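Participant: Numbering-wise (the working numbering), the sequence shown opens with residue 23 and increments by one.
For each residue, glycine too, the CB sits at the ideal point set by N, CA and C.
Nothing here was measured: the structure is a model prediction, and the numbers come from that model.
Before we start, here is the structure in question, set down as structure tokens.
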Amino acid sequence: MESGLYIVATPIGNLGDISSRAIEVLRGVDLIAAEDTRHSQRLLQHYAIDNRLIPYHDHSDGRSQDRICELLAAGGSVALISDAGTPLISDPGYRLVRDMQARGYMVRPVPGPSAVIAALSVCGLPTDSFRFEGFLPAKPGTRENSLRALADEAATLVFYEAPHRIADTLQAMLRVFGGEREAVLAREITKTFETVRRASLAGLVDFVSSDANQQKGEIVLIVAGQVASDTTLDAATARLLRALARELPAKKAAALVAEHSGLRKKDLYNYLLSVKEH
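The structure is reproduced here in structure tokens:
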């Protein structure tokens with residue numbers, strides 16, 4: 023193996039999705055750094071990979087990174103893997119990559135499965151432009167504020183969500199984006215109970231609340247971007263208008279923004295009606 027750090031993608035569910043190159047690299051490196059060694063050991067045992075394994079995650083105390091650095095300095099090779107999918111996509115590791123690059127060591131990707139890309143490929147929504155947001159904040163108020171900041175985004179929105187929060191998150195999306203906004207629940211991708219459900223947000227709320235099984239497992243949520251209304255607003259003006267409309271009657275909010283922007287009050291008021299905030 024050429025000396026360096028290899029960022030290796032592993033299956034997100036179906037063990038058959040690993041690439042032959044990934045297996046070759048995991049067998050050939052001097053050390054494997056894993057987010058959870060107990061979880062990754064099952065994958066390695068399945069493919070008869072008997073290699074040294076150490077933990078590396080956001081709460082590592084620095085000894086693991088020191089060990090990796092020492093090995094690379096001696097001309098060795100290390101593979102970094104996460105619990106599932108492509109490392110560093112809402113997973114720990116970027117500090118390690120930055121540090122090794124800064125020291126002049128080779129860092130090479132070994133591409134493969136990614137829950138984000140897998141979900142987008144079957145969602146049935148536009149994928150020419152998308153925005154990956156990872157996990158939303160756990161606190162309800164902060165979560166809704168984050169969603170409001172995305173309400174006027176035209177690109178398709180992609181989120182990870184924990185199963186115990188999926189019902190509350192869908193309710194928050196319904197309140198912020200409106201019940202008619204199209205969305206997709208992609209759950210347990212490549213696993214036995216895989217679910218891909220496209221519906222309005224109101225329909226997804228009903229679907230998840232009526233079936234407890236949909237509140238389990240690994241979840242990707244995809245939400246259609248905001249469709250432009252007849253009134254074209256820049257993002258900053260739209261955010262200001264929507265913020266005012268949460269505190270004031272829609273007509274008053276439209277009048278204030280019209281006074282300072284030069285836009286027609288009627289058009290601003292119709293915009294608020296079109297996004298169904300009021």
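Out of Glu216, Leu118, Asp289, which one is the CA nearest neighbour of Gly126?
Facilitator: Here the question's residue 126 lines up with position 104 in the sequence shown. Gly126 has its Cα closest to that of Leu118, out of Glu216, Leu118, Asp289.
Participant: Spatial neighbours of Leu270 within its chain, please: CB distance less than 8 Å, with the 5 preceding and 5 following residues excluded, ordered by chain position.
Facilitator: In the sequence shown, the residue the question calls residue 270 occupies position 248. Leu278, listed in sequence order.
Participant: Where DSSP assigns a beta bridge to Val144, which residues make up the other side?
Facilitator: Looking up residue 144 in the sequence shown gives position 122. According to DSSP, Val144 bridges with nothing at all.
Participant: By the three-class DSSP mapping on this structure, what secondary structure does Glu175 have?
Facilitator: Here residue 175 is taken as the residue at index 153 of the sequence shown, counted from 1. Three-state DSSP puts Glu175 in coil, outside helix and strand.
Participant: Using the DSSP secondary-structure output, state which residues sit across from Tyr182 in a beta bridge.
Facilitator: What you label residue 182 is simply residue 160 of the sequence shown in a count that begins at 1. Bridge partners of Tyr182: Phe157, Val242.
Participant: With a threshold of 16 other CB atoms inside 10 Å of the CB of Glu299, please say whether the residue is buried or exposed.
Facilitator: Translated into the one-based positions of the sequence shown, residue 299 becomes position 277. Reliability fails at Glu299, whose pLDDT of 46 lies under 50, so the model's placement of it is uncertain and no value is given.
Participant: Just the C-alpha distance for Asp58 and Lys287, rounded to the nearest angstrom, thanks.
Facilitator: Within the sequence shown, numbered from 1, the residue matching residue 58 stands at position 36. Within the sequence shown, numbered from 1, the residue matching residue 287 stands at position 265. Cα-Cα distance, rounded: 56 Å.
Participant: What are the boundary residues of the beta strand (DSSP E) that Ser222 is part of?
Facilitator: Taking the first residue of the sequence shown as 1, we reach residue 222 at position 200. From DSSP, the beta strand (DSSP E) with Ser222 extends over 217–222.
Participant: On the three-state DSSP scale, how would you describe Val249?
Facilitator: Your numbering for residue 249 matches position 227 in the sequence shown. Correct three-state label for Val249: coil.
Participant: Please report the distance separating the alpha-carbon of Pro4 from that of Leu66.
Facilitator: Lying before the first or after the last residue shown, residue 4 is absent from the chain, which here runs from 23 to 300.
Participant: Go to Val51, then tell me how far its beta strand (DSSP E) extends in each direction, as first and last residue.
Facilitator: Indexing the sequence shown from 1 puts residue 51 at position 29. Note, Val51: premise wrong, no beta strand (DSSP E); not H, not E.
Participant: Would a C-beta distance cut-off of 9 Å place Ala100 and Ile34 closer than the cut-off?
Facilitator: Against the sequence shown, residue 100 aligns to sequence position 78. Against the sequence shown, residue 34 aligns to sequence position 12. The question names Ala, yet the displayed sequence has Val at residue 100. Cβ distance not < 9 Å, so Val100 and Ile34 don't count as in contact.
Participant: Based on the DSSP secondary-structure assignment, which residues constitute the bridge partners of Gly26?
Facilitator: As a working mapping, residue 26 is identified with position 4 in the sequence shown. Answer is Ser99.
Participant: For the segment 171–188 against the segment 231–240, are there 3 or more C-beta pairs whose distance is under 8 Å?
Facilitator: The segment 171–188, when compared against the segment 231–240, does touch it at the 8 Å Cβ threshold.
Participant: Measuring alpha carbon to alpha carbon, tell me which residue in Ile211, Glu210, Ala141, Leu37 is nearest Leu179.
Facilitator: Numbered from 1 along the sequence shown, position 157 holds the residue referred to as residue 179. Of Ile211, Glu210, Ala141, Leu37, the residue nearest in Cα terms is Ala141.
Participant: What span of residues does the alpha helix (DSSP H) with Leu66 cover, start to end?
Facilitator: As a working mapping, residue 66 is identified with position 44 in the sequence shown. Element bounds for Leu66: 59–68.
Participant: Using 8 Å as the threshold, is the segment 143–158 in touch with the segment 197–213, meaning 3 or more CB pairs across them?
Facilitator: Yes, they touch.
Participant: Are there 16 or more other CB atoms within 10 angstroms of the CB of Glu24, so buried, or fewer, so exposed?
Facilitator: Along the sequence shown, one-based indexing puts residue 24 at 2. By the 10 Å Cβ count, Glu24 comes out exposed.
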